[in-house]
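Student: Chains as they are written, first to last, in the numbering used here: chain A, 73 to 160; chain B, 128 to 847.
No residue lacks a Cβ here, since even glycine has one placed at the ideal position from N, Cα and C.
From a predicted model like this one, the values you see are computed outputs, not experimental measurements.
There's a structure below that I have some questions on.
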Amino acid sequence: MNELIEELKTKLIELLNLSSLTPEQFDAKAQLVGGELGIDSIDVLEMVVMVDRDYGVLINSQEVGEKVFASVASLAAYIESNRAGGAT
Amino acid sequence: MKQRLVYVAAAGIVSPLGWGLDETEEALCADRTAIAPLDIFSPLQGQPLPAGQVKDLDSSPVPPRAHRLAREAARMALHGQPEPPDAIVLGCTTGGIFTTEEQLRNKEHSPDGYRSHGLLSLVEDIANLCHCTGPALTVSTACSSGAVAIALALNLLRTGQARRVLAGGVDSLSRLTYYGFHSLQLVDRNGCRPLDAGRQGLAVAEGAAMLLLTTEQIEQPLACLLGAGLSCDAYHPTAPHPEGKGARAAMQAAIEDAGLAPEDIDYINLHGTGTPDNDLAEARAIASLFASPPPLSSVKGAIGHSLAAAGAIEAVVSCLAISRGLIPGTVGCRQPDPAFAFTPEMTCVQRPVRTVLSNSFGFGGNNGSLVFGNLAHQHPPLPSSREAWLAIHGSACLTGIGLLHETFARLQEGGSAGGRFPDADLAQRLPARLIRRIKRLARIALLLAGEARSNAEGQDGPDTVFMGTGWGALSETWDFLQGLESSGEQFPSPTDFVGSVHNSPAGQVAMLLKATGANVTCSGGDYSFEQAFLAAQTLLPETGQSAMLLGVDEAHAEFTPLLDWSIGTGDLADGGGGLYVNRDREQAKCLARLAYYGRGGGDDLPDRLFAALGGAEYFHRHSVVLFAGVPAAMQAESGPQLERLQHLIGHSLPVCRYRDFVGEFASASAIAAVLASQCIETGRVPGTLVGGADVMLGPESRVLVLGTGQCLTAMEFFRP
Chain A
73 MNELIEELKT
83 KLIELLNLSS
93 LTPEQFDAKA
103 QLVGGELGID
113 SIDVLEMVVM
123 VDRDYGVLIN
133 SQEVGEKVFA
143 SVASLAAYIE
153 SNRAGGAT
Chain B
128 MKQRLVYVAA
138 AGIVSPLGWG
148 LDETEEALCA
158 DRTAIAPLDI
168 FSPLQGQPLP
178 AGQVKDLDSS
188 PVPPRAHRLA
198 REAARMALHG
208 QPEPPDAIVL
218 GCTTGGIFTT
228 EEQLRNKEHS
238 PDGYRSHGLL
248 SLVEDIANLC
258 HCTGPALTVS
268 TACSSGAVAI
278 ALALNLLRTG
288 QARRVLAGGV
298 DSLSRLTYYG
308 FHSLQLVDRN
318 GCRPLDAGRQ
328 GLAVAEGAAM
338 LLLTTEQIEQ
348 PLACLLGAGL
358 SCDAYHPTAP
368 HPEGKGARAA
378 MQAAIEDAGL
388 APEDIDYINL
398 HGTGTPDNDL
408 AEARAIASLF
418 ASPPPLSSVK
428 GAIGHSLAAA
438 GAIEAVVSCL
448 AISRGLIPGT
458 VGCRQPDPAF
468 AFTPEMTCVQ
478 RPVRTVLSNS
488 FGFGGNNGSL
498 VFGNLAHQHP
508 PLPSSREAWL
518 AIHGSACLTG
528 IGLLHETFAR
538 LQEGGSAGGR
548 FPDADLAQRL
558 PARLIRRIKR
568 LARIALLLAG
578 EARSNAEGQD
588 GPDTVFMGTG
598 WGALSETWDF
608 LQGLESSGEQ
618 FPSPTDFVGS
628 VHNSPAGQVA
638 MLLKATGANV
648 TCSGGDYSFE
658 QAFLAAQTLL
668 PETGQSAMLL
678 GVDEAHAEFT
688 PLLDWSIGTG
698 DLADGGGGLY
708 VNRDREQAKC
718 LARLAYYGRG
728 GGDDLPDRLF
738 AALGGAEYFH
748 RHSVVLFAGV
758 PAAMQAESGP
768 QLERLQHLIG
778 HSLPVCRYRD
788 FVGEFASASA
798 IAAVLASQCI
808 ETGRVPGTLV
818 GGADVMLGPE
828 SRVLVLGTGQ
838 CLTAMEFFRP
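So, in structure tokens, the structure goes:
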């Protein structure tokens, strides 16, 4: 799980071009969307694409999305419990 | 000068609902929907999504689908007209993209395959078709393009710059828009249900519509175009302001421009795309402006969202409402959203309609509203004494070697400033957070806007933004299409789609500078900056508003050589210029006007330019320096044009061929404009630019920035 969180931090910094941030500074529990990083609905869609492409996990409703993208930790937990062969 | 009444003399329409006014009326009256699974191309993944596709359109790739649609609508609007229009204004977002996509997939490496990609090719095609020799302009403001084009046409007519204008919008279906809206999760798999409680998005569509607008009094017009209002949310790249602040401002401005009050409106044709956010924001805007809203509806459940064509198609629907007495239903809506303070018309109603307000909103928070009325509703003419010139208070440019200071210094040394300013240096000059999601074109625009803004000391932030770009956001467009293809049409980037629209940079500038007024992007190849200049000159009010006027292009290593014929095997160059302008002469650094814009390749173009400037007398009265724009691909046309002009002038003038110094790219003339302004301000043209001694500029001196080739244009710069 921690490994996945670290992996996601690195991926998100690149995907969302958060160039001022290092993985160490990236708080996995901090509010992701609408927080200090300026991440909004367009970034959420970009993350939806990445999660589908890289982990085969679909997030296709706004309600689910809001919960999943609350923080890096919640995103990791959702991927972990939904990906094929993942923890059930 | 009296404000002139503008009549809709005729109209043409090609939409998924049908061809021409009669078929359109019949489909509207029958509450028919034309939305059906896409079939002009086969998606690799999943079932085709619902889309609005024009039937019976020849599907060969040349000319592109958008050009075919535009030709049909133009033919209808001009049928039986004895003379060509004086000007054309067409809204379009993606030009010949559908053919470009095919060529890229086929790995076509010759620029021959991409001749009809740009928006200029489209409007020039229509201008050739109808033998128009005046300005043929493009407006590319995403989904409000058609309405904004009509608003610009209205003001060309009111200011007496034209008597007859063909105006409208066109877009064809394409992979870019089909997958782009899908990537934003804005497509409703169940077809489009505007204003419905369960609405889940739009249906991407295509079409074209054009109005022949005239100030010549005619007996039986379809309707009168009474007013237009433009605004920008300056809030978010895609999401509307949640309270519909910009939408309200545009509606209010349009109604006031028409000399009416909200209670005078008989019917509102909503933007009503069927996305949850748009319909809610629009409903809130209406609730805040109308104490008791008139009947209203959206036709997008019948037609789909035809993007740049939508505003023009709905302008035709508005004219039908007035001339044939009908209010269309909101096809697709079954259960109106109880969150709204009104209930839309569900089915078509036959009843007299005197006035219509028609809304179009787009990415970049770009809003345009139009008001149409019948003859009985013509308002008393208002005085309009709009001056042509713009007062320049601040400027900035970016070349391969840097900003204005570095550029001017290099030119004075006799060097060249052409090239591509390094990406890393560009990023360093802008806050990381501001540019996180945007690529090269929007970054250049933001840098220029910020610099020109701070150069305009003592002035308030600009209210409006006018931008010209020859080719738009090539990085985002290229990356989106590459991502689409390389992922087997599964994972294109939503961020790239949002950034790919031509007006994305101008929307970013509006957010940076909080410019909530008109926001107009033109994309006219080598004449893009001139088109934006003409739009600013025409739309900027006499008092109380200022504008950021930009011309920007980015050079893309793969895409640019395919599109821009002037590059050839030469080096890539890009950048642009920005001018902070208003109408206030006090403390202005320079005055400027677009003195002439002609096209059509006729041998008499230089003669018409000469006459427009004032003929021989002009060149006796003023000492003139020419900054000549000669695109490398246009030498054969440009050479004789310049020779003829020199012959008419009768004596030789100092000439600077500015592309020799700033490189070959579409909006190089924006840099020339900034340099011209700088020369006027300092009273001197460096001798290195004109191949001789320094030229001193006095109060009567003029610098003319000429565009030559396919079109012939002149921007005039002089001391206040």
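When you compare the CB positions of Pro177/B and Ser169/B, do they come within less than 9 Å of one another, or not?
Tutor: The sequence position of residue 177/B within the second sequence is 50, counting from 1. The sequence position of residue 169/B within the second sequence is 42, counting from 1. The answer is no: Cβ separation not under 9 Å.
Student: Determine whether the beta carbon atoms of Leu434/B and Thr220/B lie at a separation below 9 Å.
Tutor: Here residue 434/B refers to the residue found at position 307 when the second sequence is read from its first residue. Here residue 220/B refers to the residue found at position 93 when the second sequence is read from its first residue. Contact: yes.
Student: When you compare only the Cα positions, how much space is there between Val850/B and Leu753/B?
Tutor: The requested residue 850/B does not occur in the structure, where chain B is confined to residues 128 to 847.
Student: Output yes or no for whether 9 Å exceeds the beta carbon distance between Thr687/B and Trp598/B.
Tutor: Residue numbering aside, residue 687/B sits at position 560 when the second sequence is read from its first letter. Residue numbering aside, residue 598/B sits at position 471 when the second sequence is read from its first letter. Going by C-beta atoms, Thr687/B is nearer than 9 Å to Trp598/B.
Student: If you measure between the beta carbons of Asp590/B and Ser673/B, is that distance less than 9 Å?
Tutor: Along the second sequence, one-based indexing puts residue 590/B at 463. Along the second sequence, one-based indexing puts residue 673/B at 546. In contact: Asp590/B and Ser673/B (Cβ atoms closer than 9 Å).
Student: Following the continuous alpha helix (DSSP H) through Phe308/B, name the residue where it begins and the one where it ends.
Tutor: Taking the first residue of the second sequence as position 1, residue 308/B is located at position 181. Phe308/B -> alpha helix (DSSP H) spans Arg302 to Ser310.
Student: Short of 6 Å in beta carbon distance, which residues of its chain neighbour Arg564/B, apart from the five on each side in sequence? Order them along the chain.
Tutor: Position 437 of the second sequence, counted from the start, is the residue given in the question as residue 564/B. Here the set comprises Thr622.
Student: Report the residue from Leu718/B, Gly491/B, Arg159/B and Arg291/B whose alpha carbon sits nearest the alpha carbon of Gly626/B.
Tutor: In the second sequence, the residue the question calls residue 626/B occupies position 499. Considering only alpha carbons, the answer is Gly491/B.
Student: Within 9 Å of any Cβ in chain B, is that where the Cβ of Ala159/A sits?
Tutor: Position 87 of the first sequence, counted from the first residue, corresponds to residue 159/A. Reliability fails at Ala159/A, whose pLDDT of 47 lies under 50, so the model's placement of it is uncertain and the value that follows must be treated cautiously. No - not a single Cβ of chain B is within 9 Å of the one on Ala159/A.
Student: Within the same chain, show all residues whose beta-carbon is closer than 6 Å to that of Pro510/B, passing over the 5 residues directly before and after it, in chain order.
Tutor: Here residue 510/B refers to the residue found at position 383 when the second sequence is read from its first residue. Residue placement at Pro510/B is flagged as unreliable, the pLDDT there being 48, under the threshold of 50; a coordinate-derived value is accordingly withheld.
Student: Ile114/A CB to nearest chain B CB: under 9 Å?
Tutor: Sequence index remark: in the first sequence, residue 114/A carries index 42 (1-based). Yes - at least one Cβ of chain B is within 9 Å of the one on Ile114/A.
Student: Can you give the Cα-Cα distance for Glu578/B and Glu791/B, rounded to whole angstroms?
Tutor: Translated into the one-based positions of the second sequence, residue 578/B becomes position 451. Translated into the one-based positions of the second sequence, residue 791/B becomes position 664. So the two alpha carbons sit approximately 23 Å from each other.
Student: For the alpha helix (DSSP H) that contains Cys806/B, what are its first and last residues?
Tutor: Here residue 806/B refers to the residue found at position 679 when the second sequence is read from its first residue. Here the alpha helix (DSSP H) through Cys806/B covers Ala795 to Thr809.
Student: Which of the three DSSP states, helix, strand or coil, is assigned to Gln208/B?
Tutor: Against the second sequence, residue 208/B aligns to sequence position 81. The answer is coil: DSSP assigns Gln208/B none of H, G, I, E or B.
Student: Compute the Euclidean distance between the alpha carbons of Val144/A and Ile694/B, then round it to the nearest angstrom.
Tutor: If you number the first sequence from 1, residue 144/A lands on position 72. If you number the second sequence from 1, residue 694/B lands on position 567. Each residue's alpha carbon lies about 46 Å from the other.
Student: Do Ile162/B and Gly179/B have their beta-carbon atoms positioned less than 9 Å apart in this structure?
Tutor: Counted from its first residue, the second sequence places residue 179/B at position 52. Counted from its first residue, the second sequence places residue 162/B at position 35. Yes, these two residues count as a Cβ contact at 9 Å.
Student: Ala551/B versus chain A: which residues are under 8 Å apart at the beta carbon?
Tutor: Within the second sequence, the letter at position 424 stands for residue 551/B. Near Ala551/B there are no residues of chain A at all, since even the closest Cβ is about 12 Å away, more than 8 Å.
Student: Say whether chain A places a C-beta atom closer than 9 Å to the C-beta of Gln539/B.
Tutor: Here residue 539/B corresponds to residue number 412 of the second sequence, with the count starting at 1. So, not an interface residue.
Student: Let me check one thing: in DSSP terms, what residues is His586/B bridge-paired to?
Tutor: Start at 1 with the first residue of the second sequence, and residue 586/B comes out as number 459. At residue 586/B the sequence reads Gln, which differs from the His that was named. Note: Gln586/B sits in no beta bridge, so no partner.
Student: In the DSSP output, which residue or residues are listed as bridge partners for Glu843/B?
Tutor: For the purposes of this step, residue 843/B is taken as the residue at position 716 of the second sequence. Glu843/B pairs with Arg720/B and Leu831/B.
Student: As a quick exercise: from Val443/B, Ser419/B, Ala418/B and Pro558/B, pick the residue whose alpha carbon is nearest that of Ile430/B.
Tutor: Taking the first residue of the second sequence as 1, we reach residue 430/B at position 303. When only C-alpha atoms are compared, the closest one is Val443/B.
Student: Is the beta carbon of Leu246/B closer than 9 Å to that of Leu217/B?
Tutor: Within the second sequence, numbered from 1, the residue matching residue 217/B stands at position 90. Within the second sequence, numbered from 1, the residue matching residue 246/B stands at position 119. Yes; because the gap between Cβ atoms is below 9 Å, this pair is in contact.
Student: The beta strand (DSSP E) that contains Asp680/B, what's its start and end?
Tutor: Mapped onto the second sequence, residue 680/B falls at position 553. It spans Ala674 to Asp680 - the beta strand (DSSP E) in which Asp680/B sits, taken as one unbroken run.
Student: Rounded to the nearest angstrom, what separates Val483/B and Asp393/B at their Cα positions?
Tutor: Position 356 of the second sequence, counted from the start, is the residue given in the question as residue 483/B. Position 266 of the second sequence, counted from the start, is the residue given in the question as residue 393/B. Roughly 6 Å between the two C-alpha positions.
Student: Buried or exposed for Val189/B, please, with buried defined as at least 16 other CB atoms from any protein chain shown within 10 angstroms of its CB.
Tutor: Translated into the one-based positions of the second sequence, residue 189/B becomes position 62. The residue in question, Val189/B, is exposed, as its Cβ has fewer than 16 Cβ neighbours within 10 Å.
Student: Per the contact definition of three or more C-beta pairs closer than 8 Å, is the stretch 238 to 253 of chain B in contact with the stretch 459 to 479 of chain B?
Tutor: No: the two stretches stay apart, fewer than three of their Cβ pairs being nearer than 8 Å.
Student: Span of the beta strand (DSSP E) holding His520/B?
Tutor: Position 393 of the second sequence, counted from the first residue, corresponds to residue 520/B. That run of the beta strand (DSSP E) goes Leu517 to Leu525.
Student: One question on the structure: do Ala841/B and Leu769/B come within less than 9 Å of each other, judged by their Cβ atoms?
Tutor: Here residue 841/B refers to the residue found at position 714 when the second sequence is read from its first residue. Here residue 769/B refers to the residue found at position 642 when the second sequence is read from its first residue. No, they are not a contact pair.
Student: Do three or more CB pairs link the stretch 664 to 682 of chain B to the stretch 791 to 800 of chain B at distances below 8 Å?
Tutor: Touching, yes, given that three or more Cβ pairs across the two stretches are closer than 8 Å.
Student: Please confirm whether Pro95/A has its beta-carbon closer than 9 Å to some beta-carbon of chain B.
Tutor: Here residue 95/A corresponds to residue number 23 of the first sequence, with the count starting at 1. No, because no Cβ of chain B sits closer than 9 Å to the Cβ of Pro95/A.
Student: With a cut-off of 9 Å, does the C-beta of Gln635/B fall near any C-beta of chain A?
Tutor: Residue numbering aside, residue 635/B sits at position 508 when the second sequence is read from its first letter. By this cut-off, Gln635/B is not an interface position.
Student: Tell me, please, whether the CB atom of Val625/B is closer than 9 Å to any CB atom in chain A?
Tutor: The count along the second sequence starts at 1 and reaches residue 625/B at position 498. Yes, contact with chain A.
Student: Could you give the distance in angstroms between the alpha-carbon of Val331/B and the alpha-carbon of Leu706/B?
Tutor: Mapped onto the second sequence, residue 331/B falls at position 204. Mapped onto the second sequence, residue 706/B falls at position 579. So the alpha carbons of these two residues sit roughly 36 Å apart.
Student: Within the chosen definition, does the stretch 722 to 732 of chain B reach the stretch 530 to 540 of chain B through at least 3 CB pairs nearer than 8 Å?
Tutor: Touching, no.
Student: Output, in chain order, the set of chain E residues within a Cβ distance shorter than 9 Å of Leu104/A.
Tutor: Annotation note: the requested chain E is absent from the structure, which comprises protein chains A and B.
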